[in-house]
Structure formats: structure tokens, C-alpha cells
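To keep things clear, I will list the structure first and then write my remarks on it.
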Amino acid sequence: MDSDFVLFPPQGSTLASKVDAIFFYILGVCLFFTLLIATLVLYFAIKYRRRSEAECPRPVVGSLRLEIAWSVIPLLLALSMFAWAASVYYEIITPPEDAMQVYVIGRQWMWHLQHVGGQREINMLHVPVGKPVKLTMTSQDVIHSFYVPEFRVKQDVLPKRYTTLWFQATRAGQFHLFCAEYCGTNHSAMIGKVIAMEPTRFQEWLAQRSDGSLATEGRKLFYSKQCIVCHGRETPRAPLLENLYLKRVPLQSGEQVLADDEYLRESIVNPRAKLVAGFQPIMPPYQLKEEEVTQLIAFIKSLGPGETPPRIERREPPVTAPP
Ligand code: CUA
Numbered sequence: 030m031d032s033d034f035v036l037f038p039p040q041g042s043t044l045a046s047k048v049d050a051i052f053f054y055i056l057g058v059c060l061f062f063t064l065l066i067a068t069l070v071l072y073f074a075i076k077y078r079r080r081s082e083a084e085c086p087r088p089v090v091g092s093l094r095l096e097i098a099w100s101v102i103p104l105l106l107a108l109s110m111f112a113w114a115a116s117v118y119y120e121i122i123t124p125p126e127d128a129m130q131v132y133v134i135g136r137q138w139m140w141h142l143q144h145v146g147g148q149r150e151i152n153m154l155h156v157p158v159g160k161p162v163k164l165t166m167t168s169q170d171v172i173h174s175f176y177v178p179e180f181r182v183k184q185d186v187l188p189k190r191y192t193t194l195w196f197q198a199t200r201a202g203q204f205h206l207f208c209a210e211y212c213g214t215n216h217s218a219m220i221g222k223v224i225a226m227e228p229t230r231f232q233e234w235l236a237q238r239s240d241g242s243l244a245t246e247g248r249k250l251f252y253s254k255q256c257i258v259c260h261g262r263e264t265p266r267a268p269l270l271e272n273l274y275l276k277r278v279p280l281q282s283g284e285q286v287l288a289d290d291e292y293l294r295e296s297i298v299n300p301r302a303k304l305v306a307g308f309q310p311i312m313p314p315y316q317l318k319e320e321e322v323t324q325l326i327a328f329i330k331s332l333g334p335g336e337t338p339p340r341i342e343r344r345e346p347p348v349t350a351p352p
């Protein structure tokens with residue numbers, strides 16, 4: 030599909046041409062049948078018009094072959110749309126494993142974005158070209174929707190839970206970012222830009238803006254909010270957090286749950302929702318900003334698996350990041 034096609038914003042991601050192809054396929058099928066039916070209606074109306082007052086046409090008996098054809102052909106066409114769209118949908122909702130992580134918080138009326146290295150942005154998202162980027166998104170108040178037309182991706186951003194979205198920019202440039210869910214007075218001003226840069230330039234950008242990573246911020250919170258008192262090694266009144274991320278956790282209820290972002294988030298803000306087997310419901314629900322929750326989750330992730338876990342010990346003074 031020509032990327033300069035004027036009806037649409039120019040394509041800017043690997044998903045864009047796939048979404049457009051389905052659109053044009055469905056449009057093509059619709060146009061074909063619309064024209065076919067309209068033409069035949071006109072043609073038959075003229076061909077079989079009543080020629081005299083006395084004319085009485087022969088009754089039509091029906092045709093099994095014709096009836097099967099007009100049932101089976103549309104069925105196959107509809108199924109082909111379904112199968113094709115489902116496969117692309119699956120691709121859209123399945124971020125590649127090696128995707129770069131970015132946290133997004135929507136709030137009335139701005140986008141707050143944070144990179145794993147701690148770089149924060151408001152209404153602006155810098156990403157590298159040619160690398161998959163995965164957004165983990167939540168809202169601080171009402172429902173918003175993260176929409177980048179050039180990338181052909183749109184995903185609701187909901188309070189109290191995480192949704193994800195991914196894309197891979199195919200060219201450097203600036204792309205519109207919209208909120209696509211009416212979220213109050215200044216909804217229309219909840220706009221921004223995604224800036225795709227060549228990977229080397231992106232690395233420079235990241236390096237310039239690096240200030241304490243998300244995990245470091247989370248580690249500070251972990252001490253300042255006294256989480257260490259129960260989650261420490263010496264007095265394990267609460268589950269240890271080392272190597273917890275993406276592990277299967279046995280619950281009091283006998284079920285098991287995967288310790289992913291969503292589970293960690295719930296366990297921080299509503300600790301009694303999923304009680305880990307062998308522990309008492311003693312943790313109070315914490316009133317934290319969404320930003321702080323993502324920092325804590327980044328900290329838990331940094332405790333492994335995959336990375337060398339910094340040891341959690343009691344009475345360790347909070348780490349202060351260089352300004
Ligand atoms: Cu946020 Cu509309």
C-alpha cells in the first residue's frame with residue numbers, strides 16, 4: 030500500500046501496513062458487492078420490466094445450486110476476514126519478548142511517560158526506530174486511550190489496572206499522540222508526540238537524560254515506606270521479593286498466580302486480594318501514586334530473575350541517587 034495515500038495518516042510502524050491491508054480488503058469486498066448488486070438491480074429491473082397490463086410471469090421454482098452458492102461464498106469471505114483480522118489482532122496484542130519497556134500514566138489531562146532508566150517525559154515519547162517498544166499503561170483517574178494514528182495502534186488506559194500496547198517505528202520522525210477516549214473538559218488538549226529517532230541518537234538522548242533509574246527510585250521507596258520491615262530476610266512476615274517476578278506464586282486459596290506486573294500492582298495497592306499461601310493478611314493497602322507503584326514494580330523486577338539481585342538487608346540506609 031502506498032504510504033503517501035492521502036486518506037490516511039502516513040504509515041509509521043510495522044503494524045500499520047497490516048492493518049491497512051485488512052481495511053482495504055474489506056473495503057474492496059464491500060465495494061465489489063455494492064456495485065454488483067446495484068448494477069444487477071438496475072439491469073434486472075429493465076430486463077424483466079412489465080411490458081403489458083395483461084402480462085403474468087411464470088412462477089420461480091428456486092435453485093438449490095444458486096442458494097448454496099450465495100450462502101457458501103459469503104460465508105467463506107466473512108471467515109477470511111475473521112481469520113486474517115484475528116491473526117493481525119493477535120500480533121497487535123502480543124508484544125515481542127525483547128521489546129523496550131516504557132511506563133505510561135494517563136491523567137487529566139496529560140500523558141506521563143517514564144523509561145526504565147528513569148527518564149521522564151510529559152506528552153512526549155522518544156523511541157528508537159526499528160526496535161519494538163512495549164508500553165505498560167495505567168490511569169490515575171478516568172479512562173483515557175493511547176492513540177498513535179500513524180502507528181495504527183490504540184489502547185484504552187484504565188484506572189486500577191495495566192493495559193499494554195506495542196509498536197515498532199519504521200522511520201524517524203514525529204508522530205501525533207492523541208487521547209482517544211473522552212475524559213473531561215480538556216480531553217481535546219490531551220495530545221502529544223511520539224518522536225522516533227535512529228537508535229544511536231536515541232541512546233545519546235537516553236544518556237543525556239539519565240537520572241536515577243526506576244528501580245533505584247523504587248528501592249528508595251521500599252525503605253522509606255518501611256516495606257523492608259516485613260519483606261526483609263530476617264523477619265519474613267511477608268513473601269520475599271527476590272526472584273519473584275514472573276514466578277508462579279501459590280495462594281492461600283489453593284490457586285496459583287503468575288507474578289506479573291498486574292499481580293504485583295494489585296498486591297501493592299490491595300494486598301489482601303490475593304493472599305500468598307502461608308502468610309497472614311497483615312499488610313495494609315498502600316495509598317501510592319501510580320508513579321510510585323511502577324517504581325516499586327521496577328525495583329521488584331530488578332531483584333531478578335535475570336539480573337543480579339541486590340541483597341535486601343534490614344537497617345540498610347536508603348540509597349541516595351546522584352542528583
Ligand atoms: Cu484523556 Cu481523553
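With this note's numbering as the guide, the letters of the sequence shown map in order to residues 30 to 352.
All C-beta atoms, glycine included, are put in the ideal place defined by N, C-alpha and C.
- When C-beta atoms of the region 64 to 84 are compared with those of the region 220 to 235, fewer than three pairs fall below 8 Å, so the two segments do not count as touching.
- Distances from the alpha-carbon of R277 to those of C85, V286 and L269 put V286 closest.
- Residue burial is scored here from C-beta neighbours: D170 has fewer than 16 other C-beta atoms within 10 angstroms and is therefore classed as exposed.
- Annotation for Y132: no alpha helix (DSSP H) segment contains it, though the beta strand (DSSP E) segment containing it runs M129 to R136.
- Ranked by Cα distance from A50, the first of P300, R80, Y118 and L95 is Y118.
- A Cβ-Cβ contact shorter than 7 Å links M110 with I55.
- For E210, the shortest C-beta to heavy atom distance toward ligand 1 is below 6 Å.
- With a cut-off of 6 Å, the C-beta of M219 is classified as near ligand 1, since at least one heavy atom of the ligand falls inside that distance.
- Counting only runs of 4 or more residues that sit fully inside the region 227 to 292, the alpha helix (DSSP H) segments are 228 to 237, 243 to 253 and 256 to 260, in chain order.
- Ranked by how close their Cα comes to the Cα of C208, the residues G202, A201 and H216 have H216 in first place.
- Rounded to the nearest angstrom, the Cβ distance from I257 to C212 is 37 Å, too far for a contact under 8 Å.
- In chain order, Y191 place their CB closer than 6 Å to the CB of E291, counting only its own chain and leaving out the 5 sequence neighbours on each side.
- In this structure, W195 and P157 do not form a Cβ contact; the two beta carbons are roughly 13 Å apart against a cut-off of 8 Å.
- With the rule of 3 Cβ pairs closer than 8 Å, the region 232 to 249 does not count as touching the region 301 to 316.
- R181 has its alpha-carbon roughly 15 Å from the corresponding atom of S116.
- For T193, the beta-bridge partners assigned by DSSP are T165.
- Between ligand 1 and the CB of H173, the shortest heavy atom gap is smaller than 6 Å.
- Distances between the C-beta of H216 and the heavy atoms of ligand 1 include at least one below 6 Å.
- In the DSSP assignment, V186 falls outside any alpha helix (DSSP H) and lies within the beta strand (DSSP E) extending over V182 to V186.
- Scanning the region 80 to 147 from its first residue to its last, the whole beta strand (DSSP E) runs of 3-plus residues come out as 129 to 136 and 139 to 144.
- Judged by DSSP in its simplified three-state form, P157 adopts strand.
- Going by C-alpha positions, T214 is about 12 Å away from M139.
- L280 is positioned such that its CB atom lies no closer than 7 Å to that of A302.
- Here DSSP, grouped into helix, strand and coil, assigns G41 to coil.
- Shown here, K222 sits in a strand according to DSSP, grouped into three states.
- V322: member of the alpha helix (DSSP H) spanning E319 to S331, first to last residue.
- For G202, the uninterrupted beta strand (DSSP E) run begins and ends at G202 to C208, by DSSP.
- Counting of Cβ neighbours within 10 angstroms places V90 among the exposed residues, the total staying below 16.
- With 16 or more other Cβ atoms from the protein chains shown falling within 10 Å of its own Cβ, R294 counts as buried.
- Of the candidates L69, N272, R230 and L332, R230 places its Cα closest to the Cα of A201.
- In this structure, the alpha-carbon of L269 lies about 40 Å from that of S42.
- Judged by DSSP in its simplified three-state form, V48 adopts helix.
- For a cut-off of 8 Å, the C-beta gap from P178 to H205 is around 6 Å, short enough to register as a contact.
- Take R149, set aside five residues on each side of it, and the residues of its chain with a beta-carbon closer than 6 Å to its own are Q143, in chain order.
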